[in-house]
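Notes follow once the structure below has been shown.
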Amino acid sequence: LCRYMFGGSLEELFFVRLMILQIPFTFLYMNYCYLIIFKENTKVYNQMTIIKALVGSLGALFLIFIFDLQLEGIVYASVLSVFLSFLFGYFRSDIAKEKGLSLLNFAMIRDFRSFSMKMYLAGIVGNFNVYIIRTMLIAYLAPAKMAFFSIAQDRASFLNKIPDSMNIMLFS
297 LCRYMFGGSL
307 EELFFVRLMI
317 LQIPFTFLYM
327 NYCYLIIFKE
337 NTKVYNQMTI
347 IKALVGSLGA
357 LFLIFIFDLQ
367 LEGIVYASVL
377 SVFLSFLFGY
387 FRSDIAKEKG
397 LSLLNFAMIR
407 DFRSFSMKMY
417 LAGIVGNFNV
427 YIIRTMLIAY
437 LAPAKMAFFS
447 IAQDRASFLN
457 KIPDSMNIML
467 FS
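Written out as structure tokens, the structure is:
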């Protein structure tokens, strides 16, 4: 797959593996977020979200400008932000203290999967909706118009954060 996609470079293969490593961390992060929301511990949930955003953004800037890592800095910051946010949520919430739960409780992970499958499907459908429209518009719009559309779409998705947060607070 790497040879087909990247021309066989071992450096890109390392980054592909590193980004694949982010998948289980994101799975754990999202499930702990869902569980923390279910337990109505919004303080820890908000702190996890802030840590993820700050470590991802500031970490990428730090690694890019201080260590001149370019794309590598973004990859490292992305993986590290999800992992540190998950660890923070795990140790700051009461979940770890309840019933002697360990860090990787497979029964709990199985329950997470059944609990959050509908949320995953909704997220996948939402991402397909956003990115399929962008992909189709690339064929019809000039680059400047496409850039303007992408910026506007990103700003509009940011505006959805407020109602999404209110939904979580009101209906959880």
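With the sequence shown counted from 1, adding 296 to any position gets you my numbering. The beta-carbon is built from N, C-alpha and C at its ideal position, and this holds for glycine as well.
Backbone secondary structure at residue i - three-state DSSP
i	result
Asp-364	coil
Ala-440	helix
Asp-390	coil
Lys-348	helix
Asp-450	helix
Ala-435	coil
Lys-335	coil
Ile-316	helix
Phe-323	helix
Assigned exposure category for residue i - 16 Cβ within 10 Å defines buried
i	result
Ile-332	buried
Gly-422	exposed
Tyr-436	exposed
Ile-347	buried
Ser-453	exposed
Ser-353	exposed
Leu-455	exposed
Tyr-328	buried
Span separating the alpha-carbon of residue i from that of residue j
i	j	result
Arg-388	Val-340	7 Å
Met-326	Asp-390	17 Å
Ala-440	Leu-433	12 Å
Tyr-371	Ala-349	Strictly speaking, residue 371 in this sequence is Val, with Tyr absent from that position. Looking at the two C-alpha atoms, the distance is approximately 14 Å.
Phe-424	Arg-430	10 Å
Phe-363	Ser-446	30 Å
Glu-368	Ala-356	9 Å
Asn-337	Val-351	22 Å
Candidates the options, of which the one nearest residue i by Cα
i	options	result
Leu-383	Pro-320, Pro-439, Phe-361, Phe-454	Pro-320
Gln-343	Gln-366, Phe-444, Leu-433, Gly-385	Gly-385
Tyr-427	Phe-444, Gln-366, Gln-449	Gln-449
Leu-324	Phe-444, Lys-335, Arg-313, Arg-409	Arg-409
Leu-317	Gln-366, Ala-373, Tyr-330	Ala-373
Val-375	Thr-322, Gln-366, Met-413, Ala-438	Thr-322
Neighbour flag for residue i against chain B, beta carbons, 8 Å
i	result
Arg-451	The structure shown contains no chain B; it is built from a single protein chain.
ask   = Is the number of C-beta pairs between the stretch 412-428 and the stretch 369-379 that are closer than 8 Å three or more?
value = no
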